[in-house]
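Asks: Heads up: the sequence shown at position 68 corresponds to 68 in UniProt numbering, and the numbers run straight through without jumps.
Supplied in structure tokens, the structure appears directly below.
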Amino acid sequence: MKIREVNKNKKQFISLLLLADEQESMVDRYLEKGTMYVLEDNDVKAECVVTDEGNGILEIKNIAVDPENQGKGYGKALIDFLASKYADEYSVLQVGTGDSPLTIPFYEKCGFVRSHKIPNFFTDNYDHTIYEGGVQLIDMVYLQRHI
1 MKIREVNKNK
11 KQFISLLLLA
21 DEQESMVDRY
31 LEKGTMYVLE
41 DNDVKAECVV
51 TDEGNGILEI
61 KNIAVDPENQ
71 GKGYGKALID
81 FLASKYADEY
91 SVLQVGTGDS
101 PLTIPFYEKC
111 GFVRSHKIPN
121 FFTDNYDHTI
131 YEGGVQLIDM
141 VYLQRHI
């Protein structure tokens, strides 16, 4: 298993990026300014994009694992990699997600705790209704992990 930074042609991973953020115009908001990493285990299994949000906060803007490889520890491996790599530069690793039964428990298992939320984020910023795990995503829930 290898994790490497991607500096060029980030859009080559758009199908994976769209698993975690299904509207390309929203991905475009952070893709170029963010730092992208891919996790390879023979081939690409997972990816993430992080941005510097100031005040010692590093935010995971996108993290996705190929559906056939979910539940195998690749997402957690990426999060642990970020926490380790950036521990000297940042004090908090943060992620914003929908209030979904599929994602919240994953982040909590990775050591994140709920921090705050942005009401109506998904209904205000996406051009279509988004459902995950049978739940309509409305508010953006932020979780934080001290690193």
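In this text, a Cβ means the ideal position worked out from N, Cα and C, and glycines have one as well.
1) Nearest by alpha-carbon distance to G111: which of H128, Y131 and R145 is it?
2) Would you mind stating whether K10 and M36 have Cβ atoms separated by less than 7 Å?
3) Pairing CB atoms from the stretch 61-68 with CB atoms from the stretch 123-140, are three or more of them under 8 Å?
4) At the level of alpha carbons, what is the spacing between G73 and D43?
5) Between Y90 and the rest of its own chain, which residues show a CB-CB distance below 7 Å, the 5 nearest in sequence each way excluded?
6) For G98 and E132, which I take to be in contact (beta-carbon distance under 8 Å), what is that distance rounded to the nearest angstrom?
7) Is it true that the CB of S100 sits closer than 7 Å to the CB of V135?
8) If I follow the unbroken alpha helix (DSSP H) through N125, where does it start and stop?
9) Can K117 and D88 be called in contact, C-beta distance under 7 Å?
10) Can you look up K33 in the DSSP assignment and give me helix, strand or coil?
11) Would you identify the three-state DSSP class for D58, choosing helix, strand or coil?
12) Rounded to the nearest angstrom, what separates Y107 and Y142 at their Cα positions?
13) Could you tell me which of F81, L102, K85 and V113 sits nearest to V95, measuring between CA atoms?
Replies: Reading from the atomic positions:
1) R145
2) yes
3) no
4) 15 Å
5) G56, I57, L58 and I147
6) 6 Å
7) yes
8) F121 to N125
9) no
10) coil
11) The sequence shown places Leu at residue 58, rather than the Asp named in the question. Looking at L58 - three-state DSSP - the assignment turns out to be strand.
12) 10 Å
13) V113
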